[in-house]
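Each remark here refers to the structure printed beneath this line.
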Amino acid sequence: MHSRSQPVTACWPAAQWQKAKGLFIEGASATLYNRTVYFNRDFRNGRDNNGIGKREESATSLLMNFESGFTQGPIGFGADVIASMGIKLDSGRGRSGTGLLPVDGNNDADDEYSEIRGAVKMAILDDTVLRYGVHMPENPVAAYDDARLLPSHYQGYSITNQSIDGLFVEAGRLTDRSEMNQPNETDGAITDGDDLTYLGGTYTFTDNLSVTLYGAEAEDFYDRYFVGADWTMPLGDDLSLNTNFAYYDTSDENSSDGEEVDNQAASLAFTLGAGNHAFGVAYQEMNGDAGYYYTDGDIFLANSIQYLDFNGKDEKSYQARYDYDFAGMGIPGLSFMTRYIKGDDIDVAPGLSDSRWERDSELKYTVQNGTLEGLNIRWRNATVRQNVGTSTNGRGVNGDVDENRLIVGYTWNLL
365 MHSRSQPVTA CWPAAQWQKA KGLFIEGASA TLYNRTVYFN RDFRNGRDNN
415 GIGKREESAT SLLMNFESGF TQGPIGFGAD VIASMGIKLD SGRGRSGTGL
465 LPVDGNNDAD DEYSEIRGAV KMAILDDTVL RYGVHMPENP VAAYDDARLL
515 PSHYQGYSIT NQSIDGLFVE AGRLTDRSEM NQPNETDGAI TDGDDLTYLG
565 GTYTFTDNLS VTLYGAEAED FYDRYFVGAD WTMPLGDDLS LNTNFAYYDT
615 SDENSSDGEE VDNQAASLAF TLGAGNHAFG VAYQEMNGDA GYYYTDGDIF
665 LANSIQYLDF NGKDEKSYQA RYDYDFAGMG IPGLSFMTRY IKGDDIDVAP
715 GLSDSRWERD SELKYTVQNG TLEGLNIRWR NATVRQNVGT STNGRGVNGD
765 VDENRLIVGY TWNLL
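Following our numbering, the numbering of the sequence shown begins with 365 at its first residue and continues without gaps.
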């Protein structure tokens, strides 16, 4: 946001320029985030499959994020900068390919990679912001991916508006993308040359109820629509029931990419919160001529989890989940989660269906005070069992997997 004052003139005296410069910095924020990751994915096939029975690497990164304030006036200007660096700690031929680091033609991981991106922005009457440059969108039809060492991002332009109380609306066009482990951008937001245009928003009726609607067009590829709702119903002291519904409809837009993408995907999840405990169940279903097609980022579906998304053609999946906050035992900052998902009726060939399952466990701790306040440590474990040859949108899967990730992160507030 920016302060309203006299309109911006074509030529400012030095005093006015210094005042505007002060507002530019006054509303700014800058953080430096360090993330260190150990990643181990065991394909349960020993030394078979040309010696790539597992992938195992560790790396550390720095991510600096600067967001300016806006200059003075009904139309304010600002700029943002993102700078990042990833550094190899341990890797090796036959173990690379975790997605933490770039690899060369010999599948050797690079020692380091880095990039710097920026964006210019303009605020109009405090409630509308136009932006051109780097984007890290977080909506159901366009989302960046932050599942490895450094986040992916896009280039493009967008507009957001919050002039109506409770309503957030945005529209944008993404033209280029940079993968999580690649410093160079690729032409096109989805596949080579395919830009992505999106429009949508969320209306928050109350603190407990919101509805989300979005639409997107991947140029010469697909059209996609999303409807979602989230409702939390208080049931008593420290007792509540959350209901989450999500639905995607994806259709072919005269695709020149040779992909079959027609799909309808839906999920319904219920979570009972009882003090420091949470018990959840979810159902997810795929219909149409293909599984759900996606590229980067999260799918806003209940059973899109650590390794699998349970998005195969005609797949139906069921989840049971349990969470516990150890603040109830006098250890604030420590939490635990475990879940089990079973997928059935995957159409892998005419007249042939298959099934698979995944079990996840996660333990997180954030230091609450002292010198290391804010330091967070996260252990993620996944066990996957499925038949080799199952395919989702042409993506071959790797059969059985045992996976462990250890993630340590810390943020310094610079401004």
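For each residue, glycine too, the CB sits at the ideal point set by N, CA and C. Given the structure is predicted, the values throughout are model-derived calculations rather than measurements.
For this session: For Thr539, collect the residues of the same chain with a Cβ closer than 7 Å to its Cβ; drop the 5 residues on either side in sequence, then sort them by chain order.
Result: Gln519, Gly520, Ala553 and Asp559
* Along the chain, where does the beta strand (DSSP E) that runs through Ile446 open and close? -> Ile439 to Asp454
Determine, using beta carbons only, whether Val625 and Tyr589 come nearer to each other than 8 Å. no
Please determine, among Asn470, Arg537, Asp475 and Ser527, the residue with the shortest C-alpha to C-alpha distance to His499. Arg537
- Find the nearest neighbour of Asp616 within the set Ala610, Gln628 and Asp551, judged by alpha-carbon distance. Gln628
### Message
Quick check on DSSP: helix, strand or coil for Gly592?
### Response
strand
task = Report buried or exposed for Gly758, applying the criterion of at least 16 other Cβ atoms within 10 angstroms of its Cβ.
result = Residue placement at Gly758 is flagged as unreliable, the pLDDT there being 34, under the threshold of 50; the coordinate-derived value follows with that caveat. By the 10 Å Cβ count, Gly758 comes out exposed.
Specify whether the segment 632 to 649 and the segment 717 to 735 touch according to this definition: at least 3 beta carbon pairs, one from each stretch, less than 8 Å apart. no
Inset, instruction - Locate the beta strand (DSSP E) running through Thr400, then write down its first and last residues. - result: Ser393 to Asp406
Beta-carbon proximity list for Leu779, same chain, < 7 Å, skipping 5 on both sides:
Ala392, Ser393 and Ala394
At the level of alpha carbons, what is the spacing between Gly655 and Asp764?
20 Å
task = Measure the Cβ-Cβ separation of Asn404 and Asn768 and say whether it is below 8 Å.
result = yes
Problem set entry | Continuous beta strand (DSSP E) stretch holding Met428: start and end | Lys418 to Glu431
Please determine, among Gly565, Leu514 and Met449, the residue with the shortest C-alpha to C-alpha distance to Asn503.
-> Gly565
Cross-strand partners of Asp718 (DSSP beta bridge): Ile710
Q) On the premise that Val467 lies in contact with Ser478, defined as a C-beta separation below 8 Å, what is that separation, rounded to the nearest angstrom? A) Incorrect: roughly 16 Å between the Cβ atoms, too far for contact.
Looking only at its own chain, which residues have a Cβ that is under 6 Å from the Cβ of Arg685, when we skip the five neighbours before and after it? Gly644 and Arg703
Whole alpha helix (DSSP H) runs in the segment 726 to 751 with 4 or more residues, listed along the chain?
-> none
- prompt: Residue range of the beta strand (DSSP E) that Leu514 falls in?
  reply: Per DSSP, Leu514 belongs to no beta strand (DSSP E) and is neither H nor E.
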